[in-house]
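Letter by letter, the sequence shown follows residues -24 to -1, 1 to 143 of mature numbering (1 follows the signal peptide of the UniProt record, and there is no 0). Backbone N, C-alpha and C fix where the C-beta goes; we use that ideal spot for every residue, glycine too. Structure, as structure tokens:
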Amino acid sequence: MNRTRPVVVSAVALVAVATLSACGEMADGAQGPQHGEPGHKMLAVATINGVGAVVTDADGKTLYRFDKDLSQPPTSNCDGECATAWPPMLAGVATPMLKGIQDTQVGTTTRKDGSKQITLNGWPLYGFSGDKAAGELNGQGANGTWFAVAPDGSKITAGGKAGGSGY
């Protein structure tokens, strides 16, 4: 009788159960809040026509970086009215979920008000109040200082606009 086949089948079954168990733990929020729950933060990569791969939040809205910020050390220079137009992506209660982003590139910086802001390759991340839906890029190139963020943290210059709401 060949005993190799039952051993192989058992090993495959064990791997499948372990994989499903690991997914179940993450889906149950063992690593933090589930998608859409308070405190959930996500960085994902989406493709926008004419621009390419951009970093988005959990709602699919484009994230931006500000040329007046610093990446070394990570420093935000957008406060007050600037932060109203360009809301900082604040760190949640758990490590952000990542889709297409390397975890070694993600960090935080402490803002002047003491809150923690998520960074990508050292650059603080922001939304734009003029983007109302996923895939919009209304802040791109605003005042020559606001740019959508590529998955490696670099700025995307394609699709820029003249003027815009910037600081």
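Q. According to the Cβ coordinates, are Leu74 and Gln93 closer than 8 angstroms?
A. It is not a contact, given that the beta carbons lie outside the stated cut-off.
(Q) Please identify the residue among Asp128, Tyr40, Ala118 whose C-alpha is closest to the C-alpha of Leu101. (A) Residue Tyr40 is the option with its Cα nearest to Leu101.
**Q.** Residue of Pro63, Gln48, Gly26 minimising C-alpha distance to Asp55
**A.** Answer by Cα proximity: Pro63.
Q) Under the rule that 16 or more other beta-carbon atoms within 10 Å means buried, what is Pro49, buried or exposed? A) Around the beta carbon of Pro49, fewer than 16 other beta carbons lie within 10 angstroms, which makes this residue exposed.
Q: For the alpha helix (DSSP H) holding Thr60, just list the boundary residues, first then last.
A: Unbroken alpha helix (DSSP H) run through Thr60: 57 to 61.
Q: At 4 residues or longer, and completely inside the stretch 100 to 141: list those alpha helix (DSSP H) runs for me, N to C.
A: Counting whole runs of 4 or more residues, the stretch 100 to 141 contains no alpha helix (DSSP H) stretch at all.
Q. Expressed to the nearest angstrom, what Euclidean distance is found between the alpha-carbon atoms of Gly120 and Thr71?
A. One C-alpha to the other measures close to 31 angstroms.
Q) Which one of Asp89, Glu112, Asn97, Phe123 has the shortest CA to CA distance from Asp79? A) For the residues Asp89, Glu112, Asn97, Phe123, the minimum Cα distance to Asp79 belongs to Asn97.
Q | Three-state secondary structure (DSSP) of Gln81 | A | If DSSP states are grouped into helix, strand and coil, Gln81 belongs with the helices.
Q: Evaluate Cys(-2) with the Cβ neighbour count: other Cβ atoms within 10 Å of its Cβ, from every protein chain shown; 16 or more gives buried, anything less gives exposed.
A: Interpretation of Cys(-2) is limited by its pLDDT of 34, a score under 50 that renders its predicted location unreliable; no figure is taken from the coordinates.
Q. DSSP three-state call for Arg87: helix, strand or coil?
A. In this structure, Arg87 counts as coil in the three-state DSSP scheme.
Q) So, helix, strand or coil for Gln93, using DSSP? A) In the three-state scheme derived from DSSP, where H, G and I count as helix and E and B as strand, Gln93 is classed as strand.
Q. How about Val30 and Ala124: are their beta carbons less than 8 angstroms apart?
A. Yes, the Cβ-Cβ distance between Val30 and Ala124 is below 8 angstroms.
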